[in-house]
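Accompanying notes for the structure given below.
Number of protein chains: 2
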Amino acid sequence: MAKNSTNSPAPEAGADNAASESTPKVGKGTPTPSRAAQEAARKRPLVPDDRKEAAKQARAKQTEARERARVGMAMGDDKYLPARDRGPQKKFVRDYVDARFSIGEILIPVMFLVIVLTLIPSYEVQTIGIFALWGFFLGAKPRATALARRIQTLGDERLADMDASGIAMQLVFLTAPGVQVFDASTAVALARDVNDELIQHVRDHPDRYAALATIAPQDPAAAVKEMQRAVGMGFKGVVINSHTQGEYLDEAKYWPIFEAAQALDVPVYIHPNTPPNDMIKPFMARGLDGAVFGFAVETGLHALRLVVSGVFDKFPRLQIGLGHLGEGLPFWLFRIDFMHGASVRSGRYASQPKLARKASEYLRENFFYTTSGMAWTPPIRYVQDVMGMDRLLYAMDYPYQFVPEEVNVTDELRISYEDLKAFYQTNAERVFKL
Amino acid sequence: MAKNSTNSPAPEAGADNAASESTPKVGKGTPTPSRAAQEAARKRPLVPDDRKEAAKQARAKQTEARERARVGMAMGDDKYLPARDRGPQKKFVRDYVDARFSIGEILIPVMFLVIVLTLIPSYEVQTIGIFALWGFFLGAKPRATALARRIQTLGDERLADMDASGIAMQLVFLTAPGVQVFDASTAVALARDVNDELIQHVRDHPDRYAALATIAPQDPAAAVKEMQRAVGMGFKGVVINSHTQGEYLDEAKYWPIFEAAQALDVPVYIHPNTPPNDMIKPFMARGLDGAVFGFAVETGLHALRLVVSGVFDKFPRLQIGLGHLGEGLPFWLFRIDFMHGASVRSGRYASQPKLARKASEYLRENFFYTTSGMAWTPPIRYVQDVMGMDRLLYAMDYPYQFVPEEVNVTDELRISYEDLKAFYQTNAERVFKL
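If you're matching them up, the sequences are chains S and X in order. For the first sequence, the residue numbers in our numbering are 1 to 434. For the second sequence, the residue numbers in our numbering are 1001 to 1434.
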């Protein structure tokens, strides 16, 4: 046995059924603040006294909501629970215990049809990963059907799930592959439709939802126009479902998208996609093309391509969001700096320009991160430590990794009340201008 | 600026010239022990008093050796320094300050010729990454020539570099791509030659070198025979330079290699390779195919393919070594367990059998890790925390990341003397039976 491994990372998660009828153990692990930070933390109370009672009550309500969610799911009747009797909705900006902010993914129902009708003819041409993913989710397995249902609703079930999870507000956006797998004109039209439909849900529940807009990078000029229109309608930024038919946004033809995002002062959230055809095969051989490993690699690569391309020297105020604790990149800062520096100095690649700053500096100052899918204390504390408390936002990877108890892990991070509030709420308010 | 990021990951490393004439700043960061561990650590002295004087003297000698190495290199005369006047060699098992253990990579000179003669005709067929890598290292850039020289010597320059780095013993092995890019009969013959030559160097310097044997997975039966012969000659295990022409050792035809390793009770060290042709293109587009990112992804994928294949249920005592702090996998334990578990339960992939244990348990108990290339406190402490103190070994990524001052970072880890000794010495003694 490993001597010091007191941290159990391994949830016995009931992910088969969109995870909600079982009681997964979420790993907590040991906290890892620096000694100075730890001593400072000891001096100030983690939660001010006057907050403790409110927190206790909110937690009791949450437990009750979870119980109801669990009972509902355990019956296996697949019916949605009624929305919790919430009384008049309070506004978002409040104490963290009932003001947690998260992300949530959606798929507009019509997209299923478009995927089936337009992509089947091109199977194996550019969409191996997408077919592996949606071929599964459109199938009959219990995990698949629960997920396919949840991802298409912004109504009562989602709100009840948020209540059961202790999440006040969700930033919703179109899940992978977005509109990025279609031909340009289909994608441009579909992005408009998706945004029009999505903003309606936000307007119906302005205290529960905010949204990122969908754009079609296939037509950069149209993408810029749609971004401008969407921000005018109230969208808080845009989502890019990573590669677009094997192309990455570090190619200069896509840079007008970043120019517009900087000008509008909105972030670009890069959400994972399955690896493109010219990368996926060694992953697929053992079913590692998706969330187990392939997503992280594909999206980490996208982010790193942006960093070394020099796009942040051109658009220094650009902010990119990454989920899954930065897709692993925070682990690699030292080696990235060392090897990228050596590579640039030696002039090995024409595609690697000399940058104004070190790669890690862009990863610290032009990126923010969410915890989505990584509800485990050690890497969360690691990322807070090396990236800064103001760079990490809580998020549940909903509906893919819907575990109502998940916030218990992060509620118990050994960080100050102020830092916890930043993590759940104020960082999101700043980044998305909520 | 990021609020809490007091840790600088970024070395200004002089990697252009095999890194030794400049004075790179190696990131130290803040230590991250748990509170309980920290309190326990405070109670016992980090270094017992009677060791302090010896450590001080050893450090002074090391500083002197480094100065000499730096002066020698700064003259640019490319001459090797004479071996340090060491007096009679002490045996390896001693105080950590002069008994640090590391790995070191070598390339037998004749292999350059074989690479050029046999691989050029197959360029673009199976070896895009290898040509990108060795096309650079065989070129005229200063970093390339310094590295190509260093990697071919097991003589005075390497010993002087070890002295200057405070490293007592190196475990040497054939660097990527090993013999794995050749046809089977060439590879089998070459492996034998490499091992015969390498063991001679070990015999010349038994107190400075140990070695891992080269095998040719292309012919699993011959690989097993060569492994048996090599262990009989004194090799401490075998190295696999990751994929073999795009194939991974999770394929059952390669399992006799693991069966033999378990029977001989020797570890298999999986060293990175450039990604195979059916994966490399999105990495190459921005020069990320090598040590900046591609190596980690390729080798992490290899390890994870082994885990999910069930090979450790078949060979439960098999031990696999990974460098670069586990190629990032320790960061992902929670999500790997969650998503692999969900995937297996839903029966999504025929290639993912049900395992006896959680993926993270194999990663903890059938793997050990080295720090090579990751001389930065936060991820080192993270891996010690989540994998256990007995699972992590120090290593310099020599000669690719030769920074003589590197051990200063790990000397100053806020861990106990006992743990530091395990990290530098006793874990290696146990794993490799030194």
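All C-beta atoms in this analysis are idealised placements derived from N, C-alpha and C, irrespective of residue type, glycine included. In this text, all values refer to a predicted model and were calculated from it rather than measured experimentally.
If you draw a straight line from the alpha carbon of X/G1237 to that of X/K1433, how long is it in whole angstroms?
10 angstroms
Per-residue contacts from S/Q401 into chain X (C-beta, under 9 angstroms):
R1335, F1338, M1339 and A1342
Hey, does S/G29 have any beta-carbon neighbour from chain X nearer than 9 angstroms?
Low per-residue confidence applies at S/G29: pLDDT is 43, beneath 50, and the placement is therefore not dependable, though the value from the model is reported in the following sentence. Interface residue, yes.
If the criterion is Cβ atoms closer than 9 angstroms, does the pair S/A263 and S/A222 meet it?
no
For a minimum of 3 consecutive residues, which ranges assigned as the beta strand (DSSP E) are wholly contained in the region 1250-1327 of chain X?
1268-1270 and 1320-1322
CB-CB length for S/Q352 against S/V407, believed under 8 angstroms:
In fact, because the Cβ distance is near 41 angstroms, the residues do not count as touching under 8 angstroms.
Going by CA-CA distance only, name the one from S/L304, S/F312 and S/D313 that's closest to S/G328.
S/L304
Run through the region 1184-1247 of chain X for me and flag every whole alpha helix (DSSP H) of 4 or more residues, listed as ranges in chain order.
1184-1204 and 1220-1233
Excluding the 5 residues preceding and the 5 following S/A191 in the sequence, name in chain order all residues of the same chain whose CB lies nearer than 7 angstroms to its CB.
V179, T214, I215, A216 and E226
Return the residue from the list X/D1411, X/P1282, X/K1421 and X/M1374 that minimises the CA-CA distance to X/Q1401.
X/M1374
Against chain X, which members of the region 185-202 of chain S pass a CB distance test of less than 9 angstroms?
none
Any idea if S/R86 is buried or exposed, counting beta-carbon neighbours within 10 angstroms, 16 or more meaning buried?
In this prediction, S/R86 scores a pLDDT of 28, lower than 50, which makes its location untrustworthy; no coordinate-derived value is stated.
Can you tell me whether X/G1104 is helix, strand or coil according to DSSP?
strand
Would you tell me roughly how many angstroms separate the C-alpha atoms of X/R1430 and S/I280, rounded to the nearest one?
38 angstroms
Which bits of chain X does S/K281 rub up against, with CB to CB less than 9 angstroms?
G1246, P1276, D1278 and M1279
Does DSSP classify S/F173 as helix, strand or coil?
strand
Members of the region 377-392 of chain S near chain X, C-beta cut-off 7 angstroms:
P378, P379, Y382, Q384, D385, V386, M387, G388, M389, D390 and R391
Whole angstroms is fine: what's the gap from S/L138's alpha carbon to S/T175's?
14 angstroms
Specify, as a first and last residue, the run of the alpha helix (DSSP H) that X/Y1394 falls within.
That residue, X/Y1394, is in no alpha helix (DSSP H); it is neither H nor E in DSSP.
Output yes or no for whether 9 angstroms exceeds the beta carbon distance between S/S242 and S/P404.
no
Name the chain S residues whose beta carbon is nearer than 7 angstroms to that of X/V1292?
I336, M339, H340 and S343
Distance check for X/G1326 and S/R364, CA to CA, integer angstroms please.
23 angstroms
On the criterion of 16 or more Cβ atoms from any shown chain inside 10 Å, does X/P1316 qualify as buried, or is it exposed?
exposed
Thinking S/L133 and S/G290 are a contact (beta carbons under 8 angstroms), I'd like their distance in whole angstroms, please.
6 angstroms
In chain order, what residues of the same chain have a beta carbon less than 7 angstroms from the beta carbon of X/D1313, not counting five sequence neighbours either side?
L1355 and A1356
Alpha carbon to alpha carbon, how far is X/T1145 from S/S343? Give it in angstroms, no decimals.
14 angstroms
What's the call for S/R150, buried or exposed, on a 16-neighbour Cβ count within 10 Å?
buried
Is the CB-CB distance between X/N1422 and X/D1390 below 9 angstroms?
Checking the sequence, you will find Ala at residue 1422 of chain X rather than Asn. Yes, the pair counts as a contact, with Cβ atoms nearer than the cut-off.
Looking at chain S, which residues of the region 1130-1144 of chain X have a Cβ within less than 8 angstroms of any of its Cβ atoms?
F1136, K1141, P1142, R1143 and A1144
Taking Cβ positions only, does S/M374 come closer than 9 angstroms to chain X?
yes
Quick one: what's X/F1368 bridged to in DSSP?
X/G1321
Against chain S, does X/S1309 count as a neighbour if the rule is that its beta carbon must be under 9 angstroms from one of theirs?
yes
With the cut-off set at 9 angstroms, would you say X/T1299 and X/P1330 are in Cβ contact?
no
X/I1151, DSSP secondary structure in three states
coil
Pull up the CB-CB distance for X/S1102 and X/I1167, whole angstroms please, since I reckon it's below 8 angstroms.
5 angstroms
Bridge partners of X/I1167, per DSSP?
X/R1100
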